[in-house]
Amino acid sequence: MLSIAVGRGSSSLTNLLLQRGADVEERNRARETPLLQAVGRNETNIVSLLITKGADPNTRNPTTGEPALYRAVFKGSTSIVSLLLGAGADAEVKNAEGGETPLYRAVLRGDTSIVSLLLSYGARTDTRSPGGECPLYRAVYRNDTSIVSLLLGKGADPEASGVGPNGESVLEYAVRKAGSKGGTIVQLLTLSAKSKVSK
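Read in order, the letters of the sequence shown correspond to residues 1251 to 1449 in this note's numbering.
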């Protein structure tokens, strides 16, 4: 019954069912919890209700292995990402299908606010994708100066090697690429590398 209320996007019915003792971890036919459903529908109010009633923020789709936090990042819902992290979702959880972390996915999306939020909850800047890319490499690839700055500010290593397709460091890749925003990014990476050496 709870899954039906969530599937309809009815926060009032969801709340009523929860008050009457509905099982917050009840799975629907697709074997997803109400929280996973609500995250997939971008239902912030329902996510909040479910978390308040003890829904597991680290729930996964049992078939695909997709975690709730990864789904929220994929959907670009900053408010739901914040709710999940605040409830104890693991910022380093990996998506079972692709092995990506939420931070890597947020960088792929170019979502500065979610990147910042994940970093504030301890997402690591050095965790690599299955293809060997770190989030900093992907941000440089996208010419995303804002995200590059955020990652460097949280300790991302511009000289981490083997992160690009040619086994080069992020800094080497940025110098080689040097596109429209490449100059600024190269400067940021160089300054960060120099400050690491002087410590």
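For every residue, glycine included, the Cβ atom is placed at its ideal position computed from N, Cα and C.
Boundaries (first-last residue) of the alpha helix (DSSP H) holding residue i
i     : result
S1260 : S1260 -> no alpha helix (DSSP H), and no H or E assigned at all.
Y1321 : Note that residue 1321 is Arg in the sequence shown here, rather than Tyr. Start and end: A1318 to K1325.
V1343 : First-last for V1343: undefined, no H or E at that position.
E1422 : V1420 to K1427
A1389 : P1385 to Y1391
S1329 : T1328 to G1336
7 Å Cβ shell around residue i - same chain, five flanking residues per side excluded
i     : result
G1338 : P1307
S1442 : L1402 and P1408
S1332 : L1367
Coarse secondary structure for residue i, derived from DSSP in three states
i     : result
P1312 : coil
T1351 : coil
S1366 : helix
R1378 : coil
T1294 : helix
S1448 : With a pLDDT of only 49 at S1448, under the threshold of 50, the placement of this residue in the model should not be trusted; the figure read from the coordinates follows. It is helical.
P1284 : helix
R1279 : coil
C-alpha distance - residue i paired with residue j, whole-angstrom precision
i     : j     : result
V1365 : L1299 : 25 Å
V1436 : V1425 : 6 Å
G1382 : L1263 : 45 Å
G1349 : N1393 : 23 Å
Cutoff 8 Å; reference residue i; Cβ partners in own chain excluding five residues on either side
i     : result
L1267 : M1251, L1252 and A1255
N1295 : S1261
Other residues of its chain near residue i: CB distance less than 6 Å, five sequence neighbours each side excluded
i     : result
G1372 : A1341
K1303 : L1268 and V1274
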